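Student: Taken in sequence, the protein lines are chains Z, G, A and R. First residue of the first sequence: 209, per this note's numbering; consecutive thereafter. First residue of the second sequence: 209, per this note's numbering; consecutive thereafter. First residue of the third sequence: 209, per this note's numbering; consecutive thereafter. First residue of the fourth sequence: 209, per this note's numbering; consecutive thereafter. Even glycine gets a Cβ: it sits at the ideal position worked out from N, Cα and C. Owing to the predicted nature of the structure, the values given are computational and were not obtained by experimental measurement. Right, I'll just put the structure down here and ask away after.
There are 4 protein chains.
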Amino acid sequence: MTKGSRAAAKQARPREILEAAFEEFSLRGYAATRLDDIAARVGVTKGTIYVYFENKETLFETMVIELSQPKLDTQPSLSVLQGQSATAALVQLLSGAYDEILEDPYSREILRLLIAEKNTFQSLSRRFRDNFAGPIFAALREILQKGTATGEFGAHAAAIDPFLILSPILGYIVLDMVLPGESPAGAAFLAGHIDMVKRLVAATTVP
Amino acid sequence: MTKGSRAAAKQARPREILEAAFEEFSLRGYAATRLDDIAARVGVTKGTIYVYFENKETLFETMVIELSQPKLDTQPSLSVLQGQSATAALVQLLSGAYDEILEDPYSREILRLLIAEKNTFQSLSRRFRDNFAGPIFAALREILQKGTATGEFGAHAAAIDPFLILSPILGYIVLDMVLPGESPAGAAFLAGHIDMVKRLVAATTVP
Amino acid sequence: MTKGSRAAAKQARPREILEAAFEEFSLRGYAATRLDDIAARVGVTKGTIYVYFENKETLFETMVIELSQPKLDTQPSLSVLQGQSATAALVQLLSGAYDEILEDPYSREILRLLIAEKNTFQSLSRRFRDNFAGPIFAALREILQKGTATGEFGAHAAAIDPFLILSPILGYIVLDMVLPGESPAGAAFLAGHIDMVKRLVAATTVP
Amino acid sequence: MTKGSRAAAKQARPREILEAAFEEFSLRGYAATRLDDIAARVGVTKGTIYVYFENKETLFETMVIELSQPKLDTQPSLSVLQGQSATAALVQLLSGAYDEILEDPYSREILRLLIAEKNTFQSLSRRFRDNFAGPIFAALREILQKGTATGEFGAHAAAIDPFLILSPILGYIVLDMVLPGESPAGAAFLAGHIDMVKRLVAATTVP
DNA sequence: CATGAATGAGATTTCATTCAT
DNA sequence: AATGAATGAAATCTCATTCAT
Numbered sequence: 209m210t211k212g213s214r215a216a217a218k219q220a221r222p223r224e225i226l227e228a229a230f231e232e233f234s235l236r237g238y239a240a241t242r243l244d245d246i247a248a249r250v251g252v253t254k255g256t257i258y259v260y261f262e263n264k265e266t267l268f269e270t271m272v273i274e275l276s277q278p279k280l281d282t283q284p285s286l287s288v289l290q291g292q293s294a295t296a297a298l299v300q301l302l303s304g305a306y307d308e309i310l311e312d313p314y315s316r317e318i319l320r321l322l323i324a325e326k327n328t329f330q331s332l333s334r335r336f337r338d339n340f341a342g343p344i345f346a347a348l349r350e351i352l353q354k355g356t357a358t359g360e361f362g363a364h365a366a367a368i369d370p371f372l373i374l375s376p377i378l379g380y381i382v383l384d385m386v387l388p389g390e391s392p393a394g395a396a397f398l399a400g401h402i403d404m405v406k407r408l409v410a411a412t413t414v415p
Numbered sequence: 209m210t211k212g213s214r215a216a217a218k219q220a221r222p223r224e225i226l227e228a229a230f231e232e233f234s235l236r237g238y239a240a241t242r243l244d245d246i247a248a249r250v251g252v253t254k255g256t257i258y259v260y261f262e263n264k265e266t267l268f269e270t271m272v273i274e275l276s277q278p279k280l281d282t283q284p285s286l287s288v289l290q291g292q293s294a295t296a297a298l299v300q301l302l303s304g305a306y307d308e309i310l311e312d313p314y315s316r317e318i319l320r321l322l323i324a325e326k327n328t329f330q331s332l333s334r335r336f337r338d339n340f341a342g343p344i345f346a347a348l349r350e351i352l353q354k355g356t357a358t359g360e361f362g363a364h365a366a367a368i369d370p371f372l373i374l375s376p377i378l379g380y381i382v383l384d385m386v387l388p389g390e391s392p393a394g395a396a397f398l399a400g401h402i403d404m405v406k407r408l409v410a411a412t413t414v415p
Numbered sequence: 209m210t211k212g213s214r215a216a217a218k219q220a221r222p223r224e225i226l227e228a229a230f231e232e233f234s235l236r237g238y239a240a241t242r243l244d245d246i247a248a249r250v251g252v253t254k255g256t257i258y259v260y261f262e263n264k265e266t267l268f269e270t271m272v273i274e275l276s277q278p279k280l281d282t283q284p285s286l287s288v289l290q291g292q293s294a295t296a297a298l299v300q301l302l303s304g305a306y307d308e309i310l311e312d313p314y315s316r317e318i319l320r321l322l323i324a325e326k327n328t329f330q331s332l333s334r335r336f337r338d339n340f341a342g343p344i345f346a347a348l349r350e351i352l353q354k355g356t357a358t359g360e361f362g363a364h365a366a367a368i369d370p371f372l373i374l375s376p377i378l379g380y381i382v383l384d385m386v387l388p389g390e391s392p393a394g395a396a397f398l399a400g401h402i403d404m405v406k407r408l409v410a411a412t413t414v415p
Numbered sequence: 209m210t211k212g213s214r215a216a217a218k219q220a221r222p223r224e225i226l227e228a229a230f231e232e233f234s235l236r237g238y239a240a241t242r243l244d245d246i247a248a249r250v251g252v253t254k255g256t257i258y259v260y261f262e263n264k265e266t267l268f269e270t271m272v273i274e275l276s277q278p279k280l281d282t283q284p285s286l287s288v289l290q291g292q293s294a295t296a297a298l299v300q301l302l303s304g305a306y307d308e309i310l311e312d313p314y315s316r317e318i319l320r321l322l323i324a325e326k327n328t329f330q331s332l333s334r335r336f337r338d339n340f341a342g343p344i345f346a347a348l349r350e351i352l353q354k355g356t357a358t359g360e361f362g363a364h365a366a367a368i369d370p371f372l373i374l375s376p377i378l379g380y381i382v383l384d385m386v387l388p389g390e391s392p393a394g395a396a397f398l399a400g401h402i403d404m405v406k407r408l409v410a411a412t413t414v415p
C-alpha cells in the first residue's frame, strides 16, 4: 500500500500548498507573502511550489477560487426556498449565510483578501459577484416578491433593495476584520438581524 | 514673492507627499507600493520623501492618521444631539455618516487599507476604534436609551446593539469596495437604511 | 564526475567567498567595500553571497574568524617548549611568530582590519586577545620564569613584561602596513630582534 | 569688540570642524563617518562644512595634516641632541616619543587612521614617512654612529637597524589600539624599553 | 557666512523564478 | 517529483554634494 499512499500524498500536495498559501496570504497579504514561507509551512522547498503552480499570481488566484468552492456548492438554490413561507425562506437564507461565515474558516479571510487586492485581482472580484453575491441577491429578490404577492409582507417590501437586507452581514464581517474580538457574538447579531428584517418587511407603517 | 513661494512650497511638501502616498497605497496596497511611485507623483525624488518621513512604515501610518483627521473633527458630539427628538437625532447621525463616506475622498479607501493591513498595522485599527467607531457607538447608545425612555421608541429599542443599526453602512462600503459601480446609489440606500431603522425602533411588534 | 563537481563547487563556495571578501575588505576597509565587488571577484552575483552569509557584517566577522583559524592551530603550546633551554624556546617562539607573519597571507591584513575596525567590531578584538595574543604571552611568561629559575637568564628577567619582548614584531608589522616596502627584510629584522632579546635577558648589568 | 569676537569665531570655525572631524573619523573610520555627524558635533549644518572644505576627502586629509602638525614642530632636531652623551640622547629621543604618544590626544588615533586607510590615502602615509618617521630614524642613526665612534656603545651598535630600537613604541601603540586597557602602563613600558635599548647597545657580548 | 531642502547615485538586502541534478 | 543553488531585477534607504535663499 506504500505505492497507493505515496500516490495519495502526491495527490494531496496541491491542496496542502493551497491551504498553506491561504494561511500566509491572509496573514501578510499578497505582496508581503514569500513563497518561502508557504513552502516552509508545507514542509517542502520553494521549487516544489513551481511544480504545481505556474507562479505566485496563479497560486493566489487558484487558492481563492479553490477554497471558496465549497461555499458555492452550498449556495441557496431558488428551488430549495419553495415549499415554505417567504418569512421562513428569509430566515433560512440569512441563517445559512451566517452559518457559513461563522463556521467556514476561509470565507471571511478570502473576502478580506478580495477587499485588499481589489485593484490587483479584479477578476476575482467579478467571480465573487457572479458565483456568490449574484445568486444570493437573486434569491432574496424572489423571496421579497413572493412575500409581497402573497400578502405575507407589506406592500412596500417588493421595492426593498436586497442589498439593504444583506448589508448587516457584510458590516458584521468588516467590524470583525478591523477590530477582532470587539464585534458582538455572531448568534446574537444574527437574531437581531433577523428581527430587524422581519420588522422591515412587516405590513406596518412608520410615521 | 520668491521667498514666500519657497517657504510655501516647503510648508506644503509633507501634505503633498501624504496625498500622493494615499493615492498609491490605496491603488496597490502597502507592500506593493514603491516609494518611487509616490515620489514621482509628487514630482520629487525618492530622497525627498526621507527628508520628511523616517521610512515607508511611518509614511503610511502618518498618512492614515493625517488624512482621517478631518473626519474626527466632524464627529457627532453628544451635545449636538440634544434638543431634538431621538428619531431626528438618529436620522441626523446616519445622514452625517453617509455624507462623510460619500463625500470624503479618503474615508472609504483608508478603511479598506485598515482592513487589508489589519495584521501589519494593528495600532492603526486601535486608533480607528478609539477615535472614530467608539464615539459613534456611544452616541447611538445614548439616542437609543433616550428614545426608549421618552416612549418615542418601543421598549425593545434600548436593548438593540448599536452595531446592528450601523452595520448597513459598513456593508455598503464593502460592497462598493469589492464591486465598485454595482452598489445602489448612496442617497437611495441611505433612505432605505433610515426607513429600516425607523421600523426597527418603532413601537410595533412582529410575529 | 558532473555530480562530484557540482557538489564540490557548492562545498567550496563559502571559502571562495571568504577569500574574495578578505581581498576586498583589506583593500578598501569594511565600510567602503561593496558586496558587488566581492561577488564579482568570486564570479557570482550579489544574491549568491546571501545564500551563504546573512549579511555584510556576518560575512566580515566570519571571514576574520575563519581565515585566522589556521594560525590558532599552529600556536605555540607550552609543552613544545619543554625539553629545551629557555633561550632555545625563546628563539623558537619568536622565529615561529615571524614565520607565521611573513608567510601567512592573511595575518598582517587581518590585524590591520582589526585595528581599523576596533570600534565597530570589538568582539573580534576580544577573540584575537583570547585565542591569539593571550596564549603567546602566557608561553613567554613561562619561558622567562624558567630561564630565570635555572640561572640561564639574569635575575631581572622574570620581571620583564612579555609584551616588551614581543612588541618589535607588532612594530614591524605596523611599519610594513603604513610604509610598505620600507621596512627592513623580515629575516634580518628577526635576527636583530633575537639578538636584542638575548642581550635583554642575559645576566649582565648596564650602567 | 563684537566685531572682533565674531571674526575670531569665524577664524576658529575651520579648526572646530577639523577637531569634530577627528573625533568622528577616529570613531567610525573614513567611509562610515557622515558629514552630518561632524556638522552636528560642531553645531552647524552640513552645508557649512562645504564653506571651508572642498569635500569629504579634503576634509579628512586636512584634518590628518593639520592635527599632526604640532608633532612635527617638536620633532627632535639633530642639533638638540648634540652636547650630551649618545646614551642621554637616546633616552631623550625615546622619552620624547613616548611623551608625545601618551599625551597628545591625536597621534595614536591618526596613526590608526593611516593604518586603516593605507590603500585609500597613500599620500598621507608618505607624508608621515617624510615628515615624521624619516627624521626620527635619521636622528637615531646619528646617535648610534656617534655612540659607537666614541666607544660609548659596543662596536656592533653602528650596525643596528634604527627601526629595531623604535619598534617597541609602535608595538605598544598597536596593542593599545586593538586591546585598549590591556597594555602595560606607558611609563613602565618606557622604562623597560629604555633598559632594553641600553642593554642592546652596551659593549657586552652574548653567547 | 550659513542654511537645509533637494538630489541622485549607489549600497544593502529581498525574493520570485529558473534549472541542473 | 523535488531540491536548492543561483540569479537578477527591484526595493528601501543613505548620504555626499549642490544651490537658492
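Suppose you measure from the CA of residue 276 of chain R to the CA of residue 314 of chain R; what does that come to, to the nearest Å?
Tutor: For the purposes of this step, residue 276 of chain R is taken as residue 68 along the fourth sequence, with counting starting at 1. For the purposes of this step, residue 314 of chain R is taken as residue 106 along the fourth sequence, with counting starting at 1. Distance between the alpha carbons of residue 276 of chain R and residue 314 of chain R is about 7 Å.
Student: Are the beta-carbon atoms of residue 361 of chain A and residue 410 of chain A separated by less than 9 Å?
Tutor: Within the third sequence, residue 361 of chain A is the residue found at index 153, counting from 1. Within the third sequence, residue 410 of chain A is the residue found at index 202, counting from 1. Yes. Within cutoff.
Student: Enumerate in chain order the residues of its own chain whose CB-to-CB distance from residue 252 of chain Z is below 6 Å, with the five nearest sequence positions on each side excluded.
Tutor: For the purposes of this step, residue 252 of chain Z is taken as the residue at position 44 of the first sequence. Closer than 6 Å at the Cβ level, and outside the excluded window around residue 252 of chain Z, lies no residue.
Student: Pick helix, strand or coil for residue 252 of chain R, following the three-state DSSP scheme.
Tutor: The count along the fourth sequence starts at 1 and reaches residue 252 of chain R at position 44. It is coil, neither helix nor strand.
Student: Roughly how many whole angstroms lie between the Cα atoms of residue 301 of chain R and residue 399 of chain R?
Tutor: Numbered from its first residue, the fourth sequence carries residue 301 of chain R at position 93. Numbered from its first residue, the fourth sequence carries residue 399 of chain R at position 191. C-alpha separation (whole angstroms): 13 Å.
Student: Against chain G, with Cβ distances strictly below 9 Å, would residue 327 of chain Z count as a contact?
Tutor: Locating residue 327 of chain Z in the first sequence gives position 119, counting from the first residue. So, interface residue.
Student: Less than 9 Å between CB atoms is the rule here; does residue 348 of chain A satisfy it with respect to chain R?
Tutor: Along the third sequence, read from residue 1 onward, the residue named residue 348 of chain A stands at position 140. No, residue 348 of chain A lies away from the interface with chain R (no Cβ there is under 9 Å from its Cβ).
Student: From the beta carbon of residue 412 of chain G, is the nearest beta carbon of chain Z less than 9 Å away?
Tutor: One-based indexing of the second sequence puts residue 412 of chain G at position 204. Judged by the 9 Å Cβ criterion, residue 412 of chain G is in contact with chain Z.
Student: Considering residue 375 of chain G, what are the terminal residues of the alpha helix (DSSP H) in which it resides?
Tutor: Against the second sequence, residue 375 of chain G aligns to sequence position 167. Its alpha helix (DSSP H) spans residues 370–386.
Student: Which complete alpha helix (DSSP H) runs does the stretch 291–349 of chain R hold, if anything under 4 residues is left out?
Tutor: Within the stretch 291–349 of chain R, the complete alpha helix (DSSP H) runs of at least 4 residues are 294–311, 315–324 and 330–336.
Student: Mind checking whether residue 243 of chain R and residue 254 of chain R have CB atoms under 9 Å apart?
Tutor: Here residue 243 of chain R refers to the residue found at position 35 when the fourth sequence is read from its first residue. Here residue 254 of chain R refers to the residue found at position 46 when the fourth sequence is read from its first residue. In this structure, residue 254 of chain R lies closer than 9 Å to residue 243 of chain R by Cβ.
Student: Would a check of beta-carbon distances place residue 369 of chain A closer than 9 Å to chain R?
Tutor: Locating residue 369 of chain A in the third sequence gives position 161, where the first residue counts as 1. Closer than 9 Å to some Cβ of chain R, the Cβ of residue 369 of chain A qualifies, so yes.
Student: Among Z:323, Z:259 and Z:293, which has the Cα closest to the Cα of residue 352 of chain Z?
Tutor: By one-based count along the first sequence, residue 352 of chain Z stands at place 144. Considering only alpha carbons, the answer is Z:293.
Student: Under 9 Å, Cβ to Cβ, is there at least one residue of chain G near residue 212 of chain Z?
Tutor: Here residue 212 of chain Z refers to the residue found at position 4 when the first sequence is read from its first residue. For residue 212 of chain Z, the predicted structure reports a pLDDT of 46, less than 50, and the residue's modelled location is therefore unreliable. The matter cannot be settled from this model.
Student: Suppose you measure from the CA of residue 312 of chain G to the CA of residue 342 of chain Z; what does that come to, to the nearest Å?
Tutor: Here residue 312 of chain G refers to the residue found at position 104 of the second sequence. Here residue 342 of chain Z refers to the residue found at position 134 of the first sequence. So the alpha carbons of these two residues sit roughly 29 Å apart.
Student: If I follow the unbroken alpha helix (DSSP H) through residue 396 of chain G, where does it start and stop?
Tutor: Taking the first residue of the second sequence as position 1, residue 396 of chain G is located at position 188. Note, residue 396 of chain G: alpha helix (DSSP H), 394–409.
Student: Which of the three DSSP states, helix, strand or coil, is assigned to residue 230 of chain A?
Tutor: Residue mapping note: residue 230 of chain A aligns to position 22 of the third sequence, counting from 1. Helix.
Student: Residue 218 of chain G: buried (16+ other C-beta within 10 angstroms of its C-beta) or exposed?
Tutor: One-based indexing of the second sequence puts residue 218 of chain G at position 10. Exposed, since its Cβ has fewer than 16 Cβ neighbours within 10 Å.
Student: Looking at chain R, which residues of the stretch 230–261 of chain A have a Cβ within less than 9 Å of any of its Cβ atoms?
Tutor: So the list reads 234, 235, 236, 237, 238, 239, 240 and 241, given in the order they occur along the chain.
Student: Name the two residues that bound the continuous alpha helix (DSSP H) containing residue 390 of chain A.
Tutor: Position 182 of the third sequence, counting from 1, holds the residue named residue 390 of chain A. Taken as a continuous stretch (DSSP letters only), residue 390 of chain A belongs to no alpha helix (DSSP H), as it is neither H nor E.
Student: Which residues, in chain order, does the stretch 370–390 of chain G contribute to contact with chain Z at a C-beta distance below 9 Å?
Tutor: Flagged, chain order: 371, 372, 373, 374, 375, 376, 377, 378, 379, 380, 381, 382, 383, 385, 386, 387, 388 and 390.
Student: Which residues of chain R have a Cβ atom closer than 9 Å to the Cβ of residue 337 of chain A, listed in chain order?
Tutor: Counting from one through the third sequence, the residue named residue 337 of chain A turns up at place 129. Result: 386, 387 and 390.
Student: Can you name the residues of chain A whose CB is closer than 8 Å to the CB of residue 271 of chain R?
Tutor: Your numbering for residue 271 of chain R matches position 63 in the fourth sequence. None at all; the shortest Cβ gap to chain A is about 17 Å.
Student: Count Cβ pairs between the stretch 321–340 of chain A and the stretch 387–404 of chain A that sit closer than 8 Å; are there 3 or more?
Tutor: These segments do not touch.
Student: Kindly say whether residue 305 of chain R, judged by its beta-carbon, lies nearer than 9 Å to any beta-carbon of chain A.
Tutor: The count along the fourth sequence starts at 1 and reaches residue 305 of chain R at position 97. So no, residue 305 of chain R is outside the interface.
Student: Report back the beta-carbon spacing between residue 221 of chain R and residue 232 of chain R to the nearest angstrom; my notes put them in contact at under 8 Å.
Tutor: Along the fourth sequence, one-based indexing puts residue 221 of chain R at 13. Along the fourth sequence, one-based indexing puts residue 232 of chain R at 24. In fact, because the Cβ distance is near 16 Å, the residues do not count as touching under 8 Å.
Student: In whole angstroms, give me the CA-to-CA distance for residue 288 of chain R and residue 298 of chain R.
Tutor: By one-based count along the fourth sequence, residue 288 of chain R stands at place 80. By one-based count along the fourth sequence, residue 298 of chain R stands at place 90. Bear in mind that the predicted position of residue 288 of chain R carries a pLDDT of just 49, short of 50, making it unreliable; the figure below should be weighed with that in mind. Each residue's Cα considered, the two are about 12 Å apart.
Student: Taking 9 Å as the CB-CB limit, is residue 400 of chain A close to chain R?
Tutor: For the purposes of this step, residue 400 of chain A is identified with residue 192 of the third sequence, where counting begins at 1. It does; some Cβ of chain R falls within 9 Å.
Student: Is residue 226 of chain Z close to chain G, meaning its C-beta is less than 9 Å from at least one C-beta of that chain?
Tutor: Counting from one through the first sequence, the residue named residue 226 of chain Z turns up at place 18. Not one chain G Cβ lies under 9 Å of residue 226 of chain Z.
Student: Out of R:374, R:224 and R:238, point me to the one whose CA is closest to residue 247 of chain R's CA.
Tutor: Taking the first residue of the fourth sequence as position 1, residue 247 of chain R is located at position 39. Comparing Cα-Cα distances from residue 247 of chain R to each of R:374, R:224 and R:238, the minimum goes to R:224.
Student: Can you grab the Cα-Cα spacing for the pair residue 227 of chain A / residue 308 of chain R, in whole Å?
Tutor: Looking up residue 227 of chain A in the third sequence gives position 19. Looking up residue 308 of chain R in the fourth sequence gives position 100. Whole-angstrom Cα-Cα distance: 39 Å.
Student: With 9 Å set as the bound, which would you pick, yes or no: does the beta-carbon of residue 323 of chain R sit closer than that to a beta-carbon of chain A?
Tutor: Locating residue 323 of chain R in the fourth sequence gives position 115, where the first residue counts as 1. It does: the Cβ of residue 323 of chain R has a partner Cβ on chain A nearer than 9 Å.
Student: From residue 405 of chain G to residue 259 of chain G, what does the alpha carbon distance come to, in whole angstroms?
Tutor: Sequence index remark: in the second sequence, residue 405 of chain G carries index 197 (1-based). Sequence index remark: in the second sequence, residue 259 of chain G carries index 51 (1-based). In a straight line, the C-alpha of residue 405 of chain G is about 50 Å away from that of residue 259 of chain G.
Student: Can you give me the C-alpha to C-alpha distance between residue 310 of chain G and residue 367 of chain G, rounded to a whole angstrom?
Tutor: Walking along the second sequence from the start, residue 310 of chain G turns up at place 102. Walking along the second sequence from the start, residue 367 of chain G turns up at place 159. In a straight line, the C-alpha of residue 310 of chain G is about 30 Å away from that of residue 367 of chain G.
Student: Is residue 242 of chain Z helix, strand or coil when you go by DSSP?
Tutor: One-based indexing of the first sequence puts residue 242 of chain Z at position 34. Coil.
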